[in-house]
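Report on one structure; see the data block that follows.
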Amino acid sequence: MKEVNPETTTRAYAFKMWMNAPMPMVTFFKTLNVSNLIKISRNRKLKFNMLMCYCIGMAASKIKEFYMLPIENKLMKYDSIAVNTIVANSVGEVSSCDIPFSNNLQQFNNDYLCLTKQVAQSCTDHDLSHRSMVIGTSALAQYEIDGAVGMYSGTFNNPFMIWGKYKRTWFKTNLTVSFQFHHTQMDGAHASQFLNYIQEEINKIAYNPL
Numbered sequence: 092m093k094e095v096n097p098e099t100t101t102r103a104y105a106f107k108m109w110m111n112a113p114m115p116m117v118t119f120f121k122t123l124n125v126s127n128l129i130k131i132s133r134n135r136k137l138k139f140n141m142l143m144c145y146c147i148g149m150a151a152s153k154i155k156e157f158y159m160l161p162i163e164n165k166l167m168k169y170d171s172i173a174v175n176t177i178v179a180n181s182v183g184e185v186s187s188c189d190i191p192f193s194n195n196l197q198q199f200n201n202d203y204l205c206l207t208k209q210v211a212q213s214c215t216d217h218d219l220s221h222r223s224m225v226i227g228t229s230a231l232a233q234y235e236i237d238g239a240v241g242m243y244s245g246t247f248n249n250p251f252m253i254w255g256k257y258k259r260t261w262f263k264t265n266l267t268v269s270f271q272f273h274h275t276q277m278d279g280a281h282a283s284q285f286l287n288y289i290q291e292e293i294n295k296i297a298y299n300p301l
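Going by the working numbering, the first residue of the sequence shown is number 92, and it counts up by one from there.
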């Protein structure tokens, strides 16, 4: 990552307005149709959470704002992104695992399986924040929740997604997600487009064979 002058970027106005705001985070909610993801997960024996993280990475990679992040009153630019997942570890607690994003599903799946296993066994976080812009995720897959608003600590400004248990109906399976982002990093239009891109990636993932 490298520091950039906000005045030379499209985030100049947002940096002035929101960098020092007491509460610069915004949270959006969206209900996604994950029927295709369920089918792909079962047919190919792939983890649903991995597929969600892959779709999140694919969507984020299409939006240039995801490659910038405000850190300690500076605007930093990255060449790559990663998707974080929370892992249940061997001592019954949780650890954090950053997965480097690859648009190759097989590569991403391999990295996901290898790194989450490593983190679960070692109980040691795998942190890529020094070289990649990390999108946080938390899957509360056993619980039915209608939404969640993330905590703003003032330390971590990374975008963050939370979801619970998906809900089945007669014709489709829905998953409600929350997406929290720092207003310096992106505007509501970027966040909305990102969520739309996730749905598009979910719908077409069958055309990205392993």
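Each residue gets a CB set at the ideal place from its N, CA and C atoms; glycine is no exception. In this text the structure is predicted, and so the values were computed from the model without any measurement.
Please tell me whether residue i and residue j are closer than 8 Å, where the distance is taken between their beta carbons.
i: L166; j: P97; result: yes
i: K263; j: N124; result: yes
i: M92; j: Y169; result: yes
i: F199; j: Y145; result: yes
i: M114; j: T275; result: no
i: T207; j: V178; result: yes
Out of the options, point me to the one whose CA is closest to residue i's CA.
i: M242; options: M116, K93, A105, T100; result: M116
i: Y288; options: T100, I154, R259; result: I154
i: H273; options: C146, P191, S220, A112; result: A112
i: G279; options: R102, V95, M92, K93; result: R102
i: Q233; options: K256, V240, S213, N249; result: K256
i: S229; options: N140, F106, Q197, Q198; result: N140
i: C312; options: C214, V182, I293, W109; result: Shown here, the chain extends from 92 to 301; a query on residue 312 therefore has no answer.
i: F157; options: G183, M277, V240; result: M277
i: W261; options: T275, S126, R222; result: S126
i: N248; options: R135, G148, I162; result: I162
i: G238; options: G245, W254, P250, S244; result: W254
So residue i packs on residue j, CB below 8 Å; how close in whole Å?
i: F285; j: A150; result: 5 Å
i: T118; j: F270; result: 7 Å
i: G227; j: N175; result: 5 Å
i: S181; j: Q212; result: 6 Å
Is the CB of residue i under 8 Å away from at least one CB in chain C?
i: Q271; result: Absence of chain C from the displayed structure is noted, only one protein chain being present.
By DSSP's criteria, residue i is part of a beta bridge. Which residues make up the other side?
i: H273; result: M116
i: C188; result: T176, H217
i: W261; result: Partner(s): none; W261 has no beta bridge.
i: L286; result: Beta-bridge pairing links L286 to no other residue.
Tell me whether residue i is buried or exposed, calling it buried when 16 or more other Cβ atoms sit within 10 Å of its Cβ.
i: N131; result: Just to set this straight, residue 131 is Ile in the shown sequence, not Asn. When all chains shown are included, I131 counts as buried.
i: I308; result: Because the chain spans 92 through 301 in this model, residue 308 falls outside it and cannot be assessed.
i: E184; result: exposed
i: S223; result: buried
i: M252; result: buried
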